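Engineer: Here's a structure for you.
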Amino acid sequence: MAEWNAYYRNEEEDEEQEEGELSGGDYKNTGRDSLVFLVDASKEMFIKNEDDQPSNFDMTMQAVRSVYTSKIISSPRDLLALVFYSTEQSKNPRNSFKHVYVYHDLDEPGAKRVQEVDALRGEKGAQLAAQTMGSGKTSLGDALWCCANLYSDIKLRLSHKRLMIFTCRDDPHEGDSVKHRQARTKASDLKETGVVIDLLHLMKPGGFDVSLFFRDIVSPPEDESELGLKVEPCEKLEDLHRRVRAKEQKKRTMARLRLCLGEGLNVAVGLYATALPARKPGPVRLYRESNEPVRSKTRTFHTQTGSLLLPSEIKKAQVYGKKQIVMERDEVDAMKKFDDPGLFLIGFKPMEKLKLHHHIRPAVFVYPEEDGVKGSACLFSALLKKCNERSVFALCRCISRRNNPPKFVALVPQLEEVDEGNFQITPPGFNAIFLPYADDIRTLDPPRCPAPSQTQVDKMKEIVHKLRFKYMSGTFENPVLQQHYRNLEALALDMMAPEDIEDLIMPKVDQIDHRLGPLVQEFIDLVYPAGYNPENKPAPKRKTAEAGGGAEKKPKVEVTEDELRAHLQNGTLGKLTVPVLKEACKQFGIRTTGTKKQELIDALTEKLG
Numbered sequence: 001m002a003e004w005n006a007y008y009r010n011e012e013e014d015e016e017q018e019e020g021e022l023s024g025g026d027y028k029n030t031g032r033d034s035l036v037f038l039v040d041a042s043k044e045m046f047i048k049n050e051d052d053q054p055s056n057f058d059m060t061m062q063a064v065r066s067v068y069t070s071k072i073i074s075s076p077r078d079l080l081a082l083v084f085y086s087t088e089q090s091k092n093p094r095n096s097f098k099h100v101y102v103y104h105d106l107d108e109p110g111a112k113r114v115q116e117v118d119a120l121r122g123e124k125g126a127q128l129a130a131q132t133m134g135s136g137k138t139s140l141g142d143a144l145w146c147c148a149n150l151y152s153d154i155k156l157r158l159s160h161k162r163l164m165i166f167t168c169r170d171d172p173h174e175g176d177s178v179k180h181r182q183a184r185t186k187a188s189d190l191k192e193t194g195v196v197i198d199l200l201h202l203m204k205p206g207g208f209d210v211s212l213f214f215r216d217i218v219s220p221p222e223d224e225s226e227l228g229l230k231v232e233p234c235e236k237l238e239d240l241h242r243r244v245r246a247k248e249q250k251k252r253t254m255a256r257l258r259l260c261l262g263e264g265l266n267v268a269v270g271l272y273a274t275a276l277p278a279r280k281p282g283p284v285r286l287y288r289e290s291n292e293p294v295r296s297k298t299r300t301f302h303t304q305t306g307s308l309l310l311p312s313e314i315k316k317a318q319v320y321g322k323k324q325i326v327m328e329r330d331e332v333d334a335m336k337k338f339d340d341p342g343l344f345l346i347g348f349k350p351m352e353k354l355k356l357h358h359h360i361r362p363a364v365f366v367y368p369e370e371d372g373v374k375g376s377a378c379l380f381s382a383l384l385k386k387c388n389e390r391s392v393f394a395l396c397r398c399i400s401r402r403n404n405p406p407k408f409v410a411l412v413p414q415l416e417e418v419d420e421g422n423f424q425i426t427p428p429g430f431n432a433i434f435l436p437y438a439d440d441i442r443t444l445d446p447p448r449c450p451a452p453s454q455t456q457v458d459k460m461k462e463i464v465h466k467l468r469f470k471y472m473s474g475t476f477e478n479p480v481l482q483q484h485y486r487n488l489e490a491l492a493l494d495m496m497a498p499e500d501i502e503d504l505i506m507p508k509v510d511q512i513d514h515r516l517g518p519l520v521q522e523f524i525d526l527v528y529p530a531g532y533n534p535e536n537k538p539a540p541k542r543k544t545a546e547a548g549g550g551a552e553k554k555p556k557v558e559v560t561e562d563e564l565r566a567h568l569q570n571g572t573l574g575k576l577t578v579p580v581l582k583e584a585c586k587q588f589g590i591r592t593t594g595t596k597k598q599e600l601i602d603a604l605t606e607k608l609g
């Protein structure tokens with residue numbers, strides 16, 4: 001019989017399983033994601049910007065390459081395509097559309113495609129694009145129709161279809177109403193088939209006016225957190241990279257639940273994972289002779305007869321009180337089920353009741369799902385505003401999935417924030433912070449240390465104030481992961497050597513020393529005895545006396561009254577050893593009942609203070 005713990009995992013394994021499920025979301029088995037880059041290849045895209053900024057076409061190619069390389073690492077099964085419009089040459093299936101050049105069909109990203117995109121970057125890339133494709137007339141309707149054919153030719157199930165348009169022309173057809181109408185009709189057909197059309201508009205002289213044409217082309221925001229076309233055009237490469245990443249990343253829910261506010265009052269919400277540990281991808285086992293992936297299968301056999309066991313023939317067991325308790329799988333499932341999945345409101349608490357040590361695992365983000373229950377967004381918004389106004393959090397019981405154990409969560413309100421460019425920084429919603437049970441809180445018995453003096457505390461405050469900086473987790477990358485990906489990229493692209501990475505977590509020693517100046521030495525003089533050097537090796541221990549096997553007699557150590565008062569004033573009495581403190585107590589005629597170091601220090605402080 002299988003052991004109970006083979007099926008009933010402990011809490012840490014459950015959390016690891018939940019983290020794995022978060023990365024997949026509700027779309028775990030629904031198909032692949034697809035993304036088509038539709039890039040304007042007109043002459044205006046190749047004009048260099050001011051301040052030595054790259055051209056709009058060059059910025060677009062760098063953003064496309066960034067998505068290609070990230071997909072190879074994070075989602076190698078996703079499909080990508082690169083299509084140019086307003087070209088002189090035509091290259092598309094059956095050459096049905098003029099001035100449309102399909103550079104890459106919808107397929108999985110690979111090293112060869114990254115190299116081909118690299119060839120279109122910089123001045124040499126602009127020359128290659130002019131020789132290969134050229135710049136010609138514009139018909140966005142034909143380009144959208146060609147993209148629709150790319151999707152229709154794919155026989156795989158696609159869970160997410162997105163089309164990104166890169167252009168710096170707000171009126172591509174120059175007022176041609178027929179071409180405008182054709183493009184709007186084709187865009188409407190694409191959106192009806194589930195394709196999400198996004199516009200990554202680039203900078204142009206005089207500004208980009210989306211109301212002239214593209215307002216009717218792009219898809220409306222998927223939710224209220226997206227600003228759609230309200231943002232300003234991309235002027236720099238960093239802005240374009242950020243917006244492409246924001247559009248390319250899917251908002252996948254880890255669970256869709258009902259937030260029960262009372263009897264008969266439910267709000268449909270989705271839980272989103274905002275932070276997950278980034279790990280190296282697991283190794284893939286290959287057959288030695290053909291390099292084809294191999295699959296491993298596990299079978300269970302009877303230990304005595306050697307016959308193959310079916311799942312229905314396997315039971316679960318647990319030894320309790322020297323007795324083996326046997327249960328059917330259905331009984332184990334029934335024991336694991338506590339209640340149906342959902343969020344159940346218990347009450348509200350002031351924000352000051354929430355402590356830092358209550359945060360035991362990464363929080364999840366809670367956002368309304370209007371499709372689940374009509375009116376959820378309105379009621380959710382009202383609850384969010386009231387919780388923020390009154391500075392309270394909602395205490396809820398959370399069961400995220402069937403057979404998952406219940407957990408207490410604190411729903412902390414978070415209002416929307418936008419930057420100067422009207423681009424959303426943080427969306428409105430609740431952060432669900434998982435709270436510990438009483439069994440999770442440990443009672444610690446920390447060692448008693450000598451209390452520092454106020455002078456020492458003030459000096460350390462100066463050091464902390466000098467070393468303070470604005471921390472943002474998004475500015476620090478894991479150097480181990482980055483080096484791993486650079487090595488893989490160098491092997492895949494046949495590079496001579498991987499690109500160098502900057503280890504951002506290494507402390508800047510020179511800058512720290514410059515900021516602190518003499519503060520470090522002043523603090524050492526206050527805390528440590530004279531001549532202290534942390535880099536020196538500790539003195540070797542005394543060897544036991546050979547004669548009689550007894551220990552060597554320790555010499556008597558005396559401390560003058562002035563030295564004791566100096567130690568007391570600097571708060572460094574704790575640096576003296578117990579024998580020295582005992583001798584000082586005898587010297588001043590202090591009777592002590594205990595022999596602990598802190599008791600001796602307290603007695604001397606009372607006498608000399």
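Sequence positions in the sequence shown follow the UniProt record's numbering and run 1 to 609.
C-beta: ideal position from N, C-alpha, C; glycine also.
Remember, predicted model here, so these are calculated numbers, not experimental data.
Could you work out which residue in L163, L202 and T274 is closest to T193 when comparing CA atoms only?
Structural biologist: With distances taken between Cα atoms, T193 lies closest to L163.
Engineer: Let me know the secondary structure DSSP gives H465 once reduced to three states.
Structural biologist: Note: H465 maps to helix in three-state DSSP.
Engineer: In the DSSP assignment, find the beta strand (DSSP E) that holds Y85 and state where it starts and stops.
Structural biologist: Where Y85 is concerned, the enclosing beta strand (DSSP E) stretches over L79 to Y85.
Engineer: Is A551 buried or exposed, if buried means 16 or more other CB atoms sit within 10 Å of its CB?
Structural biologist: Confidence at A551 is low in this model, with a pLDDT of 47, below 50, so its placement is unreliable and no value can be given for it.
Engineer: Express the C-alpha separation of F344 and G264 in angstroms, rounding to a whole number.
Structural biologist: About 12 Å.
Engineer: With DSSP as the reference, label Q598 as helix, strand or coil.
Structural biologist: Note: Q598 maps to helix in three-state DSSP.
Engineer: For P277 and A363, what's the separation of their Cα atoms in angstroms?
Structural biologist: For P277 and A363, the distance between alpha carbons rounds to 13 Å.
Engineer: Can you tell me whether T167 is helix, strand or coil according to DSSP?
Structural biologist: Strand at T167.
Engineer: Less than 7 Å between C-beta atoms, sequence neighbours within five positions excluded: which residues of the same chain meet that for V366?
Structural biologist: So the qualifying residues of the chain are V269, L271, L411, G429, F430 and A432.
Engineer: Classify residue 616 as buried or exposed, calling it buried when 16 or more other Cβ atoms lie within 10 Å of its own Cβ.
Structural biologist: Nothing about residue 616 can be read from this structure; the chain reaches only from 1 to 609.
Engineer: If you draw a straight line from the alpha carbon of P283 to that of R32, how long is it in whole angstroms?
Structural biologist: Whole-angstrom Cα-Cα distance: 21 Å.
Engineer: Can you give, in chain order, each stretch of the alpha helix (DSSP H) that sits fully within the stretch 107–178 and has at least 4 residues?
Structural biologist: Runs of the alpha helix (DSSP H) inside the stretch 107–178: 111–118, 122–132 and 140–152.
Engineer: Please list, in chain order, all residues of the same chain as F588 whose beta carbon is under 7 Å from its beta carbon, the five residues on each side excluded.
Structural biologist: Correct list, in chain order: K607.
Engineer: Given a cut-off of 9 Å, decide if A129 and Y85 are closer than it, judged by their beta-carbon atoms.
Structural biologist: No; because the gap between Cβ atoms is not below 9 Å, this pair is not in contact.
Engineer: Just reading off the beta strand (DSSP E) that Y272 is part of, what are its end residues?
Structural biologist: First-last of the beta strand (DSSP E) with Y272: L265 to A273.
Engineer: Tell me, which residues are paired with D33 by DSSP?
Structural biologist: For D33, which the question treats as bridged, DSSP gives the partners H160.
Engineer: Express the C-alpha separation of F214 and V196 in angstroms, rounding to a whole number.
Structural biologist: Going by the C-alpha atoms only, they are around 14 Å apart.
Engineer: Are P281 and Y287 close, meaning C-beta to C-beta below 9 Å?
Structural biologist: Not closer than 9 Å, so no.
Engineer: Could you round the C-beta distance between Y101 and M133 to whole angstroms and report it? I think they count as a contact, below 8 Å.
Structural biologist: Indeed they touch by this definition, with Cβ atoms about 5 Å apart.
Engineer: Could you tell me the distance, in whole angstroms, from the CA atom of V392 to the CA atom of G342?
Structural biologist: Roughly 21 Å separates the two Cα atoms.
Engineer: Once the 5 residues before and after E477 are set aside, which same chain residues still bring their CB inside 7 Å of it?
Structural biologist: Correct list, in chain order: L504.
Engineer: Apart from the five residues on each side of it in sequence, which residues of its chain come closer than 7 Å, Cβ to Cβ, to K191?
Structural biologist: Within the same chain, K191 has close Cβ partners I197 and S219.
Engineer: What do you reckon, are the CB atoms on F37 and F166 nearer than 9 Å?
Structural biologist: Yes.
Engineer: Under the DSSP definition of a beta bridge, which residues are partnered with F365?
Structural biologist: In DSSP, F365 forms a bridge with Y272 and N431.
Engineer: When DSSP labels each residue in this structure, what does A547 get in the three-state scheme?
Structural biologist: At A547 the pLDDT is 45, less than 50, meaning the model places this residue with poor confidence and gives no usable figure here.
Engineer: For the putative contact between K597 and V578, defined by C-beta atoms under 8 Å, what is the C-beta separation to the nearest angstrom?
Structural biologist: With 8 Å as the limit, K597 and V578 qualify as a contact, their Cβ atoms being about 5 Å apart.
Engineer: For chain C, check one thing: does any of its Cβ atoms lie closer than 9 Å to the Cβ of E352?
Structural biologist: Chain labels in this structure do not include chain C; a single protein chain is all it has.
Engineer: Only counting runs of 4 or more residues, tell me where the alpha helix (DSSP H) segments fall wholly within the stretch 455–499, in order along the chain.
Structural biologist: Runs found: 479–492.
Engineer: Among the residues of its own chain, which have a CB less than 8 Å from the CB of K601, if the five just before and after it don't count?
Structural biologist: Strictly speaking, residue 601 in this sequence is Ile, with Lys absent from that position. Excluding sequence neighbours, I601 sits near P450, L573, G574 and L581.
Engineer: Return the residue from the list R468, H484 and N570 that minimises the CA-CA distance to Q511.
Structural biologist: For Q511, the nearest C-alpha among the options comes from R468.
Engineer: Count the other C-beta atoms from every protein chain shown that fall within 10 angstroms of the C-beta of E3, then say buried if there are 16 or more, exposed otherwise.
Structural biologist: Confidence is the limiting factor: at E3 the pLDDT is only 39, short of 50, which leaves the residue's position unreliable, though a coordinate-based value still follows. By the 10 Å Cβ count, E3 comes out exposed.
Engineer: So, helix, strand or coil for Y68, using DSSP?
Structural biologist: DSSP places Y68 in helix when its eight states are reduced to three.
Engineer: Which residues mark the beginning and the end of the beta strand (DSSP E) in which F523 is found?
Structural biologist: Looking at the DSSP string, F523 is not in any beta strand (DSSP E); the run it does join, the alpha helix (DSSP H), is L519 to V527.
Engineer: Answer with buried or exposed for M203, where buried requires no fewer than 16 other C-beta atoms within 10 angstroms of its C-beta.
Structural biologist: Buried: at least 16 other Cβ atoms inside 10 Å.
Engineer: On the DSSP letters alone, give me the boundaries of the alpha helix (DSSP H) that R515 sits inside.
Structural biologist: First-last of the alpha helix (DSSP H) with R515: V509 to L516.
Engineer: Under a Cβ-count criterion, where at least 16 other Cβ atoms within 10 Å of its own Cβ denotes burial, should V39 be classed as buried or exposed?
Structural biologist: Per the 10 Å Cβ criterion, buried.
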